[in-house]
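For the sequence shown, numbering that gives the first Met the number 0 assigns the number 0 to the initial residue and increments by one for each residue that follows. C-beta: ideal position from N, C-alpha, C; glycine also. Just so we're clear, the structure is a prediction, and the values are computed from it rather than from any experiment.
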Amino acid sequence: MHACRLQGCGIFVKNSSMRFLFLLLAFWQVGQTAVAQAGQSSTSSPKKSVNNGVERPRLVVGLVVDQMRWDYLYRYQHQYGKDGFNRLLNKGFSYEHALIPYTPSVTAAGHTSIYTGTVPAFHGIISNYWIDKRSNRSVYCSEDTLVAGVGTQSKAGKMSPRNMQVPTISDELRLATNFRSRVYGISLKDRGGIFPAGYSGNAAYWLDESGNWISSTWYMKELPKWVNRFNGSRRADSLMMRNWNLLLPKDAYDQSAEDDNRYEKTIVHEKTVTFPHELASQIGKNYEALRQSPHGNTLSIDFAKELILNEKLGASGQTDMICLSLSSPDYAGHQFGTHSVEMQDLYLRLDQDLASFLTFLDREIGEGKYLLFLTADHGVSNTPAFLEDHRIATGALQSSQLAKDINAYVESKTGIPKAVRGIVEYQVYLNHILLDSLEAKKDDITEMVIRYLKTRDEIVTAFSYSDMDDLVLPQALKEQFVSGYNEKRSGDIQFFYRPYVSDARMTGAEHGSWYTYDTHIPLVWYGWNIKKGRSGKTVYMTDIAPTLAYLLRIQMPPASIGKVLEGLE
Numbered sequence: 000m001h002a003c004r005l006q007g008c009g010i011f012v013k014n015s016s017m018r019f020l021f022l023l024l025a026f027w028q029v030g031q032t033a034v035a036q037a038g039q040s041s042t043s044s045p046k047k048s049v050n051n052g053v054e055r056p057r058l059v060v061g062l063v064v065d066q067m068r069w070d071y072l073y074r075y076q077h078q079y080g081k082d083g084f085n086r087l088l089n090k091g092f093s094y095e096h097a098l099i100p101y102t103p104s105v106t107a108a109g110h111t112s113i114y115t116g117t118v119p120a121f122h123g124i125i126s127n128y129w130i131d132k133r134s135n136r137s138v139y140c141s142e143d144t145l146v147a148g149v150g151t152q153s154k155a156g157k158m159s160p161r162n163m164q165v166p167t168i169s170d171e172l173r174l175a176t177n178f179r180s181r182v183y184g185i186s187l188k189d190r191g192g193i194f195p196a197g198y199s200g201n202a203a204y205w206l207d208e209s210g211n212w213i214s215s216t217w218y219m220k221e222l223p224k225w226v227n228r229f230n231g232s233r234r235a236d237s238l239m240m241r242n243w244n245l246l247l248p249k250d251a252y253d254q255s256a257e258d259d260n261r262y263e264k265t266i267v268h269e270k271t272v273t274f275p276h277e278l279a280s281q282i283g284k285n286y287e288a289l290r291q292s293p294h295g296n297t298l299s300i301d302f303a304k305e306l307i308l309n310e311k312l313g314a315s316g317q318t319d320m321i322c323l324s325l326s327s328p329d330y331a332g333h334q335f336g337t338h339s340v341e342m343q344d345l346y347l348r349l350d351q352d353l354a355s356f357l358t359f360l361d362r363e364i365g366e367g368k369y370l371l372f373l374t375a376d377h378g379v380s381n382t383p384a385f386l387e388d389h390r391i392a393t394g395a396l397q398s399s400q401l402a403k404d405i406n407a408y409v410e411s412k413t414g415i416p417k418a419v420r421g422i423v424e425y426q427v428y429l430n431h432i433l434l435d436s437l438e439a440k441k442d443d444i445t446e447m448v449i450r451y452l453k454t455r456d457e458i459v460t461a462f463s464y465s466d467m468d469d470l471v472l473p474q475a476l477k478e479q480f481v482s483g484y485n486e487k488r489s490g491d492i493q494f495f496y497r498p499y500v501s502d503a504r505m506t507g508a509e510h511g512s513w514y515t516y517d518t519h520i521p522l523v524w525y526g527w528n529i530k531k532g533r534s535g536k537t538v539y540m541t542d543i544a545p546t547l548a549y550l551l552r553i554q555m556p557p558a559s560i561g562k563v564l565e566g567l568e
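Here it is as structure tokens:
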């Protein structure tokens, strides 16, 4: 995947590791320069608006549906209304074979890749978490001890895009308009709002444990009055008071398993997995219940509408941008699984919320005056227990248990305890501090771990990146792994499971692999200057940012490896 572009970088020729490192360092320097420039520029007063004659939409809307597989566009289409997903499909342009060109396929990496136009090897957000090899500390992707929360006293506010290593298309829009364009990120998850808004975004907002929208001092000193008013309205509470009941009669859920089954996890306060789901008792206690329900989507879209109105987006004569990520499909997908009644009901309700949002944009921005794309940060596997009941090969091996098994094996051979620090998204991190203190030969330990991993039935193969050139795998798959590898942050050993083997449990659903159920995502464009149509041509998540740059007539993000999509205009 991306063969001509990545091969042109010399990744898979002799001495590829050194060339890859050279490229990585070069892109890192670009990113660090941009951080400094963005931080300096955003504090200065913008110049008077100048009409340079370039035709652009009033507003760009980036809509990312967390954990939406491509087939969800059509799986429930017969029950979608005409004004939501079907409006986008019938009046917009859909790329039916849009893929993620790297692994692991997770939220933080996906959102960052969409808006930077590049892969984790360069933008540095390799996963939601990684392990710092120098300190053995687990690092959260958007954590930042140098900022404070705004609107909260909890650590949930100590977040920023500082760990990202390259700028985004959002930054390029700000630069192109001398910072007159305004850019905002919104998501229940901090990472879903922060990375899309870039370094220089006017604000990113996310939900804290109290059900309030918050931000950090990276963006502002205090919340705007309209945000305080919205939080004061306790919209989250009013939505939870509705509980979660079925939208349609029970027998209408023809794409789902029986409601009462062994495939799902219960919401923390409930004893059964069946409808209706009682949420009202969790007001003021547990807003995870809100996140796991369709109400999380409604809350996010309601907040986006308020932001557009109060910040007067699309009304300044410059192109503004809102990056909206809908996280509830991911929370619910992990909880209930892909064949649950809950997922079908959630998408039918999301279709209604989407229709409401498009109608709002027509009224406030103007039909044909905004440019919208809809995509996903990753897909999701089918639930192992469901597959098992239908005699489809599956399984589960939790990463924590696998790490224990590896450590036991290494200790039995060498006497070294806890040689492995942990496993994150199919990558094994050695305990470098311990091994260095014992003057152990890490290459020998690495080979020992690889040999052990290859003995496990759940695992297809394992390798270190120093051996990538000699690895017997399809070239496209090699590129996918290398595109997700960042030398400073990635693990020491990569492995992958057989299809439909979960690294968690047999219930619920997971993602993160290179398999198509995790990496085939929707990509639909709609609105300003977009013609109606569809294409089965293979395109990539990393093509979104350079295509936006082309349509807006601005510079593409500096680390972009994507191409401009053809056929939209």
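Given a length threshold of 4 residues, each whole run of the alpha helix (DSSP H) inside the region 149-229 is given here in chain order: 168-175, 189-196. For arginine 261, the number of other beta carbons within 10 angstroms of its own is below 16, and it is reported as exposed. According to the DSSP assignment, phenylalanine 274 belongs to no beta strand (DSSP E), since it is labelled neither H nor E. Inter-segment contact for the region 541-559 and the region 133-144 is absent: fewer than three beta-carbon pairs are separated by less than 8 angstroms. By the Cβ neighbour-count rule, proline 100 is buried, with 16 or more other Cβ atoms within 10 Å of its own. Taking C-alpha positions only, threonine 382 is separated from glutamate 221 by approximately 43 angstroms.
DSSP links tyrosine 94 through a beta bridge to Ser534.
The residue among Ile193, Thr176, Ala235 with its C-alpha nearest the C-alpha of glycine 184 is Ile193. Excluding five sequence positions before and after isoleucine 444, the CB atoms of its chain that fall closer than 7 angstroms to its own CB belong to Val409, Ala418, Leu429, Leu434, given in chain order.
Bounds of the beta strand (DSSP E) holding alanine 461 are 458-462. In the structure shown, the three-state DSSP call for glutamine 397 is coil. When beta bridges are read from the DSSP output, glycine 61 appears opposite Cys322, Phe372.
According to DSSP, residue pairing for tyrosine 128 in a beta bridge involves Tyr139. Apart from the 5 residues on each side of it in sequence, isoleucine 300 sits with its Cβ closer than 6 angstroms to the Cβ of Asp352, Phe356 in its chain, given in chain order. The DSSP-derived three-state label of leucine 522 is strand. A distance below 8 angstroms between beta-carbons, with the five flanking residues on each side excluded, links threonine 358 to the following residues of its chain, in chain order: Asp82. Per DSSP, reduced to three states, the secondary structure at isoleucine 422 is strand. By alpha-carbon distance to arginine 241, the top candidate from Thr454, Thr297, Thr115 is Thr297. In this chain, the alpha helix (DSSP H) harbouring isoleucine 307 covers 294-309. Counted as a single uninterrupted DSSP element, the beta strand (DSSP E) harbouring tyrosine 496 occupies residues 492-496.
For valine 340, the enclosing alpha helix (DSSP H) begins and ends at 340-360. Under the criterion of beta carbons closer than 8 angstroms, leucine 278 and arginine 181 do not qualify as touching, at roughly 34 angstroms. By a beta-carbon distance limit of 8 angstroms, glutamine 479 contacts threonine 102. Their separation comes to about 5 angstroms.
The three-state secondary structure of serine 501, taken from DSSP, is strand. The Cβ neighbour count for lysine 536, taken over all protein chains shown within 10 Å, is under 16; the residue is labelled exposed. Beyond the five residues adjoining it in sequence on each side, leucine 470 comes within less than 7 angstroms, by CB distance, of Phe462, Lys477 in the same chain, given in chain order. Around the beta carbon of glutamine 334, 16 or more other beta carbons sit within 10 angstroms, so the residue counts as buried.
DSSP places alanine 475 in the uninterrupted alpha helix (DSSP H) bounded by 474-482.
Beyond the five residues adjoining it in sequence on each side, arginine 420 comes within less than 7 angstroms, by CB distance, of Ile130, Asn135, Tyr428, Leu429, Asn430 in the same chain, given in chain order.
For tyrosine 262, the three-state secondary structure derived from DSSP is coil. Counting the other Cβ atoms within 10 Å of the Cβ of tyrosine 73 gives fewer than 16, which makes it exposed.
Judged by their CB atoms, tyrosine 114 and proline 160 are not nearer to each other than the 8 angstroms cut-off. For the set Ser411, His338, Phe84, Tyr369, the Cα lying nearest the Cα of valine 379 is the one of His338. The DSSP-derived three-state label of valine 409 is helix. The straight-line gap separating the alpha-carbon atoms of tyrosine 346 and glutamine 152 is approximately 34 angstroms. DSSP places isoleucine 432 inside the alpha helix (DSSP H), whose first and last residues are 431-436.
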